[in-house]
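Peer 1:
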Amino acid sequence: MPTKTVLSLTGIERHYGQGENLLSILKGADFSLTAGETVALVAPSGTGKSTLLHVAGLLEHPDKGEVIVGGVDCTGLSEDKRTSIRRGSIGFVYQFHHLLPEFTALENIMMPQLIAGLSKPEARERAGQLLDYMRIGHRGEHRPSELSGGEQQRVAIARAVANAPLVLLADEPTGNLDPETAAYVFAALQALVRQSGLAALIATHNHELARRMDRCVTIVDGKIVPFTA
Numbered sequence: 045m046p047t048k049t050v051l052s053l054t055g056i057e058r059h060y061g062q063g064e065n066l067l068s069i070l071k072g073a074d075f076s077l078t079a080g081e082t083v084a085l086v087a088p089s090g091t092g093k094s095t096l097l098h099v100a101g102l103l104e105h106p107d108k109g110e111v112i113v114g115g116v117d118c119t120g121l122s123e124d125k126r127t128s129i130r131r132g133s134i135g136f137v138y139q140f141h142h143l144l145p146e147f148t149a150l151e152n153i154m155m156p157q158l159i160a161g162l163s164k165p166e167a168r169e170r171a172g173q174l175l176d177y178m179r180i181g182h183r184g185e186h187r188p189s190e191l192s193g194g195e196q197q198r199v200a201i202a203r204a205v206a207n208a209p210l211v212l213l214a215d216e217p218t219g220n221l222d223p224e225t226a227a228y229v230f231a232a233l234q235a236l237v238r239q240s241g242l243a244a245l246i247a248t249h250n251h252e253l254a255r256r257m258d259r260c261v262t263i264v265d266g267k268i269v270p271f272t273a
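Each residue of the sequence shown is one higher than the last, beginning at 45 in the numbering used here.
#1: Could you spell out where the alpha helix (DSSP H) holding Pro-156 opens and where it closes?
#2: Starting from Thr-95, trace the alpha helix (DSSP H) both ways and give me its first and last residue.
#3: Taking the straight line between their C-alpha atoms, what separation do you get for Asp-117 and Ala-87?
#4: Comparing C-alpha positions only, which one of Ala-247, Ser-189, Val-113, Ser-240 sits nearest to Lys-93?
#5: Can you give me the Cβ contacts of Ala-254 inside the same chain, cut-off strictly under 6 Å, excluding the 5 residues immediately before and after it?
#6: So what does DSSP say about Ile-69, is it helix, strand or coil?
#7: With contact counted as at least three CB pairs below 8 Å, one residue from each stretch, are the stretch 198-209 and the stretch 167-175 in contact?
#8: Bridge partners of Cys-260, per DSSP?
#9: With DSSP collapsed to three states, give me the class of Gly-241.
#10: Decide yes or no for the touch test of the stretch 62-78 against the stretch 226-233: beta carbon pairs closer than 8 Å, at least 3 of them.
Below is the structure:
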C-alpha cells in the first residue's frame, strides 16, 4: 500500500542576524514524513533541531524553501491560514508539559477541541478515550500538580493529538523523565502513532529510544542527513 507524505520540507534555509553577523542554521534542508512513520531527530544542541521543528510546525517562516503540510503549500499563506493549519494538522509536545495548572487533566485535553469547535460532550468523550489509551484514565480529574512527571507528559501527548493532527512534532518529550518512565511514555506515544496513522518527528538525545523509531536523521552543516543511533 503506498504511503502518504504528510510533511515535506524542500530547500529550507533559515538565517539569523544581519550583515556580517549572519548565522546560517539550515542550508537547503530537505525532509519528508509519511503517515504512520516515527522519525528520530538526533543532533547536538545548537545545530538547528528546534529551528527545524519550528519551521516544520509553521511557527517560523523559512528564509527560503517550501513547507508542505497535508498537501498544502504553506510558503505564501497568511498568518491566519498558517495558524488554522497548525491548529488542525500539527500537534506539539515539548520537554516541559506546559499543561494549564488550574485545569484538570481531562480539561487540558478538552481545551484544543473546544477551540476547534467541538461540543463539550464530544470533547469530554474524546479526552476520556485518550486518557484511557495512555493508561491514565483514572487520573482525569486530577490537576497537573497532582500528577507524576510521566503522567503529566502523557496528558501533554494526549492534548497534542486531541484534534487528530496529521503530524506530531516533539522536542525532547522524555528529556525530563527517568529512563524507565521515559521508555514507558515513549512506548505509549509510539503505540498511539501506530494506531492512528499519525506521523511523528521526535527530537531526542536518547539513542536507545531513537533506535526504536522507523529511522533516524541528524543535521550536518545545515542539511538533514541519515543518522545511525
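The beta-carbon is built from N, C-alpha and C at its ideal position, and this holds for glycine as well.
Peer 2: Concretely, from the data shown:
#1: 149-159
#2: 93-100
#3: 27 Å
#4: Ala-247
#5: Ala-84, Val-86, Thr-248, Cys-260, Ala-273
#6: strand
#7: yes
#8: Ala-84
#9: coil
#10: no
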